[in-house]
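Participant: As given, the protein sequences belong to chains A, B, C, D and E, one line each in that order.
Numbered by my numbering, the letters in the first sequence go through residues 1 to 364 in order.
Numbered by my numbering, the letters in the second sequence go through residues 1001 to 1331 in order.
Numbered by my numbering, the letters in the third sequence go through residues 2001 to 2291 in order.
Numbered by my numbering, the letters in the fourth sequence go through residues 3001 to 3567 in order.
Numbered by my numbering, the letters in the fifth sequence go through residues 4001 to 4345 in order.
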Amino acid sequence: MNTVVSSRPTGGLGDGATDPLLSVRGLSKTFPIRGGILNRVTGSVRAVTDVSFDVAAGETLAVVGESGCGKTTTGRCILRLIEPTAGSVTFDGVDLLSLRGAALRAMRRHIQLVFQDPYASLNPRMTIGDTVKEGLTIHKLAEGAAADRRVQSLMEEVGLRREWATRYPHEFSGGQRQRVGIARALAVEPKFIVLDEPVSALDVSVQAQVINLLQDLQRDRGLTYLFIAHDLGVVEHLATRVVVMYLGRIVEMATADVLFSEPIMPYTQALLSAIPLPDPLAPRDRIVLDGDPPSPADPPSGCVFHPRCFHPDKDVACTQVIPPLEEKGPGHWAACIKQPAGTSDFFLPAAALRSRRTAVSPAT
Amino acid sequence: MHALIQRIWHGFVVIALVATATFVLVRLAPGDPFAAALENARLTPALREQWRAAYGLDGSIGTQFAHWIASLARGDLGFSTSTNQPVSRAIAAALPNTLLLIGTSIVIAFMLGIWLGAVQAAGRGGIVDRCIGAITLIGNAVPDFWLALVMLLAGSYWLRLFPVGGVADLLLPLGASWPVLLLDRARHLVLPVLTMVILLVAPIARLQRTALLDRLGAEWVRTATAKGVARRTVFRRHAWRTALGPVVTMGGIALPSLFGGAVFIERVFAWPGMGRLAAEAVAARDYHLVVGCVLVGTVMVVIGSMLADHVSAWLDPRLTQDGFEPGRGLA
Amino acid sequence: MSEPRRYRSDWRGAVQRLSADPRSVVAASVLLGLALLVAVGPMLAPHAPNAQLDITKLVHVPPSRAHLLGTDVYSRDVLARVLSGGRISLLFATSAVLVQTIVGTCVGLFAGLAGHRIDAIVMRGVDAGASVPRVLFLLALLAPLPHVPLWMLVLTVAFTGWFVTARLVRGEVRAIRTTEFVHAAHALGASRLRIAMRHLLPHVLGPVLVTSTLAVGHVIVLEAGLSWLGVGVQAPQASWGNIIADGTEFLSIAPWVSLAPGFCLVAVVLAASAFGDGLRDALAPGQLART
Amino acid sequence: MPNLRDLRFLSLCALAACGATPDGTPAAAVSATGGTLVISTPAEPDNLLPPITTSISGRQVEDLIFQRLADIGASLNTVGDAGFTPNLATRWQWSPDSLSIAFTLDSAARWHDGVPVRAADVRFSLALVTDPRVASPTALLLANVDSISARDSLTAVVWFKQRRPDQFFEIVHQLYVLPEHLLRTADRRRLAAAPIAMMPIGSGPFRVARWVPKQLLELVADTTGGRRRAQLDRVVFAVAPDPVTAFTRVVTGEADLFEAVRPDKVAEVTSHPQLHLVLTPTLDYSYLGFNLVDQKTGRPHSLFGDRMVRRALTMATDRRSIVMNVYDSLAVQARGPFTAAQSTADTAHVPLPFAPDSANALLDAAGWMRGADSLRRRNGMLLAFGMLVPSTSVARMRAAVLLQEQFRRVGADVRIEGVDMGGFVSRISARRFDTMVGAWSQDAGPADVRAAWTSAAATAGGNNAGAYRSPQFDAHVDSGVAAFAPTAMRAHFAAAWRIIADDAPAIWLAEPLRVMAVHSRFVTSGMRPDAWWAGVAKWSIPPDRRIARDAPAPAHAAALAPAGASR
Amino acid sequence: MTATHTPPTDALLSLRDVRVTFRTADGVITPVDGVSFDIARGETLALVGESGCGKSLTALTILRLIDAPGRIEAGSRILFEGRDVLTLPDKELRSIRGRQAAMIFQEPMTALNPVYSAGEQIAEVVRTHTKASRSEAWTRAVAMLGAVGISSPDIRAKQFPHQLSGGMRQRVMIAMALVLGPSLLIADEPTTALVVTIQAQLLDLLREAQQARGASMLLITHDLGVVAESAQRVAVMYAGQIVEEAPVTALFAAPQHPYTEGLMAAMPRAGSRRERLTTIPGTVPPPGAWPLACRFADRCAYAWSRCTIEAPPLHQLGHGRTSRCHLVEEPARRVAAQATAGAAS
């Protein structure tokens, strides 16, 4: 029933200017559902299906989507915290998925992770100094007093007082803990950091501080970010390019400017229009999707978005053909069979999106 | 459905492991099934060897185990050399008595423990809470056999209220009417059940208290209050009912120790049940009976814990869910 | 806003909370006091615990100035025996619990970290062990053996008691190993061993400590039961358990023999469980009110 | 502390009383039959088929449901047929050469199912017991019987291999007569598995009404046979595994008899007016046995191979005090491998004295010198040994703890090895012990001592586990057993006792009395030292003293009668 | 929608000087410290603030849902339809709860009892407050589920919370709140736990339901976007106090309190792309660690000496606006501070 069209682009999933720092090709992750006698695998959940993209050095690639769309799994697969089922991940010319044991552990210092939950991501039984120092110890980057000095300078770099090193996580606020998490990642001097919703658990006033910190660090250290988020406001602020995922697949990918102004996929449009705008005067012709996202254990056939899709041309083909990720415009990839290349404004409730772009900043 | 089949399979594996281990353990113990009764019987080792052969107890452990498994497959648990009957018959006589004892004790202990725990939770931190906690704990801290003996002496000897052990007055005429028989059975049950209840009630009350306090702090309890439901109803319907789950689960887990406690209580109260049967079989090196008892006991434990899981699943429908769990490593 | 599941906080805080809880302080004092008493007591006792003073004339002497707790059927001084028996009982219980805790923790850690298949196999074994009544198992194991030395008794009791700990540890490890701070350590390149020792072990230690504290009381009571069945600490070595067990025979004519050790035993069990409860509360403090 | 010294007097009175009620006393004759005896017991029979029964509790019941040809007298004489009273056989005729005896069976004797008892049954019984497939431990005791023939349906002729003083005792005492018609088809290799092992049909005064294992065994007076009906209607064995519970049943009145009252419970029994304390002598003695042979090497034991050490250790023990401590006044110090009640007893025999100084001197002389820790060593080896004890026996554990302390005083380090009965027996059989606290329940016959102490029993499987070997002792025992004249027999045994006492292969500890608590409504009689239950059929309850459970229970009896008869 | 909003005279709900205290190991803390506001009939008031500011606790006081060890201090008054909720006898209070004033909680997973089906939990409200029979209550529950946009409500009604998706669970909560047509809805972060597309659905649903029934709503949120879309008036809370109150358009047009101002400035916007965001320094202090005078002083860009000495009162600014800031009295300082900040950057 599925007319499988290869959705693997031939190349150039980045901005094409330079060789990408990280290149993901055909990444898939299937989680087994266990049950029955002997705990055998009785089913599976396709958390990530055939995901490909490039990340160039120094850029911030944002992966957005709602919870359950596979964005976190994608991040964890790149880090090898979850073993992908298929695909390849090349980092700086090294095939990450072929690494084993000590080589893998050594490689890990180049790719780090900052977590969403600042409460759960710190070991409550370790002082934050020890937490930050752990990476130094593991990779033997510094020892003894040198390590302590490094820890202190790292803490200051992320905006924590050096004398707090002996305190435990529960003595800190969420924002401070997230700074510890960042310091821990920075300690091993990575080139690449996966930021897994680093600010979504934080209060607004603190969120801005952390965003600024992340930006400063990127600038000062030349870091490359894979920024996983569901808050499009933050994404728009931080990202150079954006990947939109739905039910384990990439449905759209473009530079931030293009994506936020000319989204092609109905889903992306809905996502953008769903964001409540902090402006009581903004016009509200919102696209409200029907129903809930389907379960990844039982995804719809064809285009995974078709049951909720409001595209005027939606037809039976959408329920059968898995749409390939095609370059619809320059650097603008999308997976929709009803949207020929080169067109974008097909039925867009443009006002909603435009208003977003032009919202007047209050109190200035 | 899958979950049930898996539970049954797990139970089967557990039973098989226990049976094998017991079989080996009992047979490695020094002693002889026909030597334990009397030390100076003129039953020479040669004669004993002959008897062992007659009852299929000779040969290596491996061959014996193979024989045993083969007969087990035919539904035959072997012959009990200490009670001169098929193991199945010996167990069939003992099992109902133990089930009666343990069943009655569990029911009473759970009713009492759940009630006490509720009283404690309702008056949390108060004098009643502390007193109940202390008293039940003391009951729990006393050695089983000591409590049983004191109960026996107090109830049967000093107060002369209850018979000295046994399941029934054996001299009652066979044709006695059922109310008489029932009353007689109840009189015999009182002391052993009371002993077991005292030993059992503390952990139940404690768990119920903790679970209730936990549930009372749950958000759905606040939701119920916000709906306008009366305090008592909230307590009963929303907190108490949901707090039963862990207590029931504990009941399943506690079963082995109940059978263990039965070893003491059945001995003191001359209760012809599984605990006593097994302990006496161990002393008599009645291999087949020991293995049979442990096997049946384990089956009971497995069934009991499955039952407990079923009841707690019924109490908490979340537990019936199987298969895919969202949020397990998924974005 | 709700805080995500809070893991047990640091030890310092736990100790502070513990020392602020009067129940735990009393329990700890009782335990320490008794431990101190049985540690130095036997040196101060006027008689050796096994000395039979006069087996025809000084049998079952009621408590008096010469024998503060009376004498037993062998004309031995009960006070001396209770003190020396306490030493054995406490030593026995703590070492058995220590061993069973270590074994249970190791197996639990192993199963918790292992793959599905190995975990399933190990846990079925644990289920099997846990579903056999411990008393019966010990009876079958120990009754046929002549002179079971104390260390062997400790090992056999520990061997039949580690299942609960293993289950607990395995469950905790399974829960913790998917937490983000463990992922973080993993992402830093920490080895499995390092993760197990630095990140998992400190977390399971709390609940394990609670269970172990409670288990001390259980094991003391268990030893008493075993003594009554004739497979406990071997005569003439005293333990609270076997003094009580031997004394029950003379409960009506010489109640003092089993009452004194019985009192100590109940005190220890109560104190241990009170302390365990306190420890549990201290390690997992109730969540504070949230806004 | 109850002083039991007075009880010694009391016990003698009881003994006298029991001796003064011989068969058919006037008191029993006037009383009508009826009543129930409930015996509270911690132990239950292993089975009720005499050839394969090994437990004493089984023997007790079998004595009530089966018949022997004749019964041993109160004097326990085993020479010839003196003192024996007719039972199944109404009379017997010796052949001139004494190699055969013709027993004439009671023509009125019936099995409980109504079938008459025939001489063929007697012949069958011997064949069954001596059948190698049955592997009956009794077979050895009947080794001197060549065969039995049925001269006619009521005359069974027993043929012996040799003429021996105790040949009559052997055949009448060791052989229960079993029903051929019910056992003919039983699988002889697995007799215990036959249903009849649990519900036997005998010809004795009582028949089994029901046996509910672990609970009770109920016997009812049988009325089918021609013998005199038992006075009591019922005898119920109520089983309670814990001795405290079993005893409590008697003091609360739920049961009527408890046969093993512990000394410390005696005061309690006497405080209950409805209970009588009945003391009878026994044929039991307890001892600490030394293992004279090192099992590993087969050479003499490093400690107990030395007679001097054995004697020293014997003299180091204050046996009188030990007996006093364990049994109070309800036992006497054992003099040797015999008890006062049996015919071979030498009441003049004086055992090795309690003499700690001599003990110490002997040990010094044997080279075992005390060290700083007051323990003795020789060539660096500690005077240390294990003491194997069945942990389930309260009395023997007590003795062990007392002995251990006394040995310690002379510098020996003793390790008590408590083990359950199964383990104990297996260790003894395998000879894997240094010393052991044993107890021996003797048979009434003089030959019994052979099974325990002669060289013949020192071989593998024999009960002379310590492997004591003395040709002189063996010779005197053989001569004593073979002596037809009582005086000669006693002389030989007295010599044997002296030899074994001097060699000290064991420290004989106590000859306990049997201390029973019996409800006072019973008129008891015929309590023999080897079997207090022997006269139960003649026990009675005067009608005016009967209690509720003595009332006949017609419904009960009626319901059971067909069930019993059908088996 | 009117551009300006006068304080309601026909207040359905009035909170006056509501104070909540907790006894903790470190002493008594006051996480809600003198909160007052009114909600008119048919009006939606948004209560905005970051975590720990006391907004949820304030909501709980309205139906007296504060659990021990918390307590509502004497002197607090909560008038609902003219009656003081805090002095009502239990029975009358219960008749208000769920019937006249209903709550919607943030986490439907934990706020719904896991052992009862969705339908049962809705029917319980009906059964508690009306004499409806079991089957009538069930019918109403199913109908209500349909009304909140759940497809095949008769099947969903029989399902347990864990069998429903997050969005559906929150719809069940809403159905439970709406089933008896209450005049006040108290929604505590009703969409925070949900994914963006569902958030939008539910906000629409709530708005429609409220408007259809003419009910008032107290909407508690930290999301200024939600506020802008749903509320007519806004009260901003910081550290247990209301620091600013204003009609929604006025507030967004010109926030008066520095905290409100900071909050708005800190939000990433399209215009601020890849630039540094304006931040509020420091973090929200926990209850018990609040500065004594102005509680925002240590994070405030305008703060001067007065702010650490004198607690500012809630100044009335007219047009239904208030602000708890000394700047109201010394507005020149704001201009000066902005000028220096502008010069610096």
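Backbone N, C-alpha and C define an ideal beta-carbon position, used for all residues, glycine too.
#1: With a cut-off of 8 Å, does the C-beta of GLY1329(B) fall near any C-beta of chain D?
#2: ARG4099(E) touches chain B at which residues, Cβ-Cβ below 7 Å?
#3: Would you mind working out which of ALA3331(D), GLN3093(D), GLY3058(D), LEU3303(D) sits nearest MET3199(D), comparing C-alpha positions?
#4: Output the distance between the C-alpha atoms of ILE1005(B) and ALA1313(B), rounded to the nearest integer angstrom.
#5: Roughly how many angstroms separate the alpha carbons of PRO3505(D) and ASP3478(D), rounded to a whole number?
#6: Using a Cβ cut-off of 8 Å (strictly closer), state whether GLN4199(E) contacts chain A.
#7: Run through the region 3117-3154 of chain D for me and flag every whole alpha helix (DSSP H) of 4 or more residues, listed as ranges in chain order.
#8: With distances taken from CA atoms, which of ALA2196(C), LEU2053(C), ALA2014(C) is nearest ARG3409(D)?
#9: Please state the DSSP three-state secondary structure of MET3369(D).
#10: Using a 10 Å radius around the Cβ and a threshold of 16 neighbouring Cβ atoms, would you call GLY1059(B) buried or exposed?
#11: Would you say PHE2137(C) faces chain D, with C-beta separation under 8 Å as the test?
#12: Using a Cβ-Cβ distance under 8 Å, would GLY1251(B) count as near chain C?
#13: Going residue by residue through the region 3454-3541 of chain D, where are the continuous alpha helix (DSSP H) segments of at least 4 residues, counting only ones entirely within it?
#14: What does the alpha-carbon distance come out to for the pair GLN3215(D) and ASN3047(D)?
#15: How should LYS3538(D) be labelled, buried or exposed, when 16 other C-beta atoms within 10 angstroms of its C-beta is the threshold for buried?
#16: Please name the residues in the region 181-206 of chain A whose beta-carbon is closer than 7 Å to at least one beta-carbon of chain E, in chain order.
#17: Chain D beta carbons: is any one of them nearer than 8 Å to that of SER2064(C)?
#18: How long is the line joining the alpha carbons of LEU2109(C) and LEU1216(B), rounded to whole angstroms?
#19: Residues of the region 2121-2136 of chain C with a CB closer than 7 Å to any CB of chain B: list them in chain order, please.
#20: Quick one: list the residues of chain A neighbouring GLU2180(C), beta-carbon separation under 7 Å, in chain order.
#21: Could you confirm whether any beta carbon from chain A is found closer than 8 Å to the beta carbon of PRO2236(C)?
#22: What separation, rounded to the nearest whole angstrom, lies between the Cα atoms of TYR4302(E) and VAL199(A)?
#23: For PRO296(A) and THR30(A), what's the separation of their Cα atoms in angstroms?
#24: What number of angstroms, rounded off, separates the C-alpha of LEU4317(E) from the C-alpha of GLY159(A)?
#25: Report the neighbours of GLN112(A) on chain C: residues whose CB is nearer than 8 Å to its CB, in chain order.
#26: Can you check whether the CB of LEU2150(C) is closer than 8 Å to the CB of LEU2226(C)?
#27: Please confirm whether GLY2230(C) has its beta-carbon closer than 8 Å to some beta-carbon of chain D.
#28: Using a beta-carbon distance below 8 Å, is GLN3215(D) in contact with chain B?
#29: Measure the C-alpha to C-alpha separation of TRP1220(B) and GLY1011(B) and round it to an integer number of angstroms.
#30: Considering THR1210(B), what are the terminal residues of the beta strand (DSSP E) in which it resides?
#31: Quick one: does LEU2283(C) have its CB under 8 Å from some CB of chain B?
Facilitator: Reading off the structure:
#1: In the second sequence, the residue the question calls residue 1329(B) occupies position 329. With a pLDDT of only 27 at GLY1329(B), under 50, the local geometry of the prediction cannot be trusted, and no value is derived from it.
#2: Walking along the fifth sequence from the start, residue 4099(E) turns up at place 99. Simply GLY1228.
#3: Residue numbering aside, residue 3199(D) sits at position 199 when the fourth sequence is read from its first letter. Selected option, being the one with the closest Cα: GLY3058(D).
#4: Translated into positions along the second sequence, residue 1005(B) becomes position 5. Translated into positions along the second sequence, residue 1313(B) becomes position 313. Whole-angstrom Cα-Cα distance: 15 Å.
#5: Counting from 1 along the fourth sequence, the entry for residue 3505(D) is found at position 505. Counting from 1 along the fourth sequence, the entry for residue 3478(D) is found at position 478. Whole-angstrom Cα-Cα distance: 19 Å.
#6: By 1-based counting over the fifth sequence, the position of residue 4199(E) is 199. Chain A, which has a Cβ nearer than 8 Å to the Cβ of GLN4199(E), makes this yes.
#7: Inside the region 3117-3154 of chain D, DSSP marks whole alpha helix (DSSP H) runs of 4 or more residues at positions 3119-3130, from first to last along the chain.
#8: On the fourth sequence, residue 3409(D) is found 409 positions in, with the first residue counted as 1. Among ALA2196(C), LEU2053(C), ALA2014(C), the Cα nearest to that of ARG3409(D) is on LEU2053(C).
#9: For the purposes of this step, residue 3369(D) is taken as residue 369 along the fourth sequence, with counting starting at 1. Strand.
#10: As a first step, residue 1059(B) is located in the second sequence; it is residue number 59 there, counting from the start. That one is exposed.
#11: Locating residue 2137(C) in the third sequence gives position 137, where the first residue counts as 1. It does not; no Cβ of chain D falls within 8 Å.
#12: Along the second sequence, one-based indexing puts residue 1251(B) at 251. Chain C, which has no Cβ nearer than 8 Å to the Cβ of GLY1251(B), makes this no.
#13: Listed in chain order, the complete alpha helix (DSSP H) runs (minimum 4 residues) inside the region 3454-3541 of chain D are 3471-3482, 3486-3503.
#14: Locating residue 3215(D) in the fourth sequence gives position 215, counting from the first residue. Locating residue 3047(D) in the fourth sequence gives position 47, counting from the first residue. C-alpha separation (whole angstroms): 14 Å.
#15: Along the fourth sequence, read from residue 1 onward, the residue named residue 3538(D) stands at position 538. Classification for LYS3538(D): buried.
#16: ASP203, VAL204, SER205, VAL206
#17: Stepping through the third sequence from its first residue, residue 2064(C) is reached at position 64. No, no contact with chain D.
#18: As a first step, residue 2109(C) must be located in the third sequence, where it is residue number 109. As a first step, residue 1216(B) must be located in the second sequence, where it is residue number 216. Distance between the alpha carbons of LEU2109(C) and LEU1216(B) is about 33 Å.
#19: ARG2124, GLY2125, ASP2127, ALA2128, ALA2130, SER2131, VAL2132, PRO2133, ARG2134, VAL2135, LEU2136
#20: The count along the third sequence starts at 1 and reaches residue 2180(C) at position 180. Chain-order list of chain A residues neighbouring GLU2180(C): PHE115, ASP117, ALA120, SER121, by C-beta distance under 7 Å.
#21: Walking along the third sequence from the start, residue 2236(C) turns up at place 236. Not an interface residue.
#22: Within the fifth sequence, numbered from 1, the residue matching residue 4302(E) stands at position 302. Within the first sequence, numbered from 1, the residue matching residue 199(A) stands at position 199. Their backbone Cα atoms lie some 27 Å apart in a straight line.
#23: As a working note, residue 296(A) is residue 296 in the first sequence. As a working note, residue 30(A) is residue 30 in the first sequence. Rounded to whole angstroms, PRO296(A) to THR30(A) spans 10 Å at the Cα level.
#24: Counting from 1 along the fifth sequence, the entry for residue 4317(E) is found at position 317. Counting from 1 along the first sequence, the entry for residue 159(A) is found at position 159. For the pair LEU4317(E) and GLY159(A), the Cα-to-Cα distance works out to about 38 Å.
#25: Residue mapping note: residue 112(A) aligns to position 112 of the first sequence, counting from 1. The contacting residues are ALA2187, LEU2188.
#26: On the third sequence, position 226 is the one that residue 2226(C) refers to. On the third sequence, position 150 is the one that residue 2150(C) refers to. Cβ atoms of LEU2226(C) and LEU2150(C): not closer than 8 Å.
#27: Stepping through the third sequence from its first residue, residue 2230(C) is reached at position 230. The beta carbon of GLY2230(C) falls within 8 Å of a beta carbon belonging to chain D, placing the residue at that interface.
#28: By 1-based counting over the fourth sequence, the position of residue 3215(D) is 215. Output row for GLN3215(D): interface = yes.
#29: The sequence position of residue 1220(B) within the second sequence is 220, counting from 1. The sequence position of residue 1011(B) within the second sequence is 11, counting from 1. In this structure, the CA atom of TRP1220(B) is about 35 Å from the CA atom of GLY1011(B).
#30: Position 210 of the second sequence, counting from 1, holds the residue named residue 1210(B). Per DSSP, THR1210(B) belongs to no beta strand (DSSP E); it is in the alpha helix (DSSP H), 1178-1216.
#31: In the third sequence, residue 2283(C) corresponds to position 283, counting from 1. So, not an interface residue.
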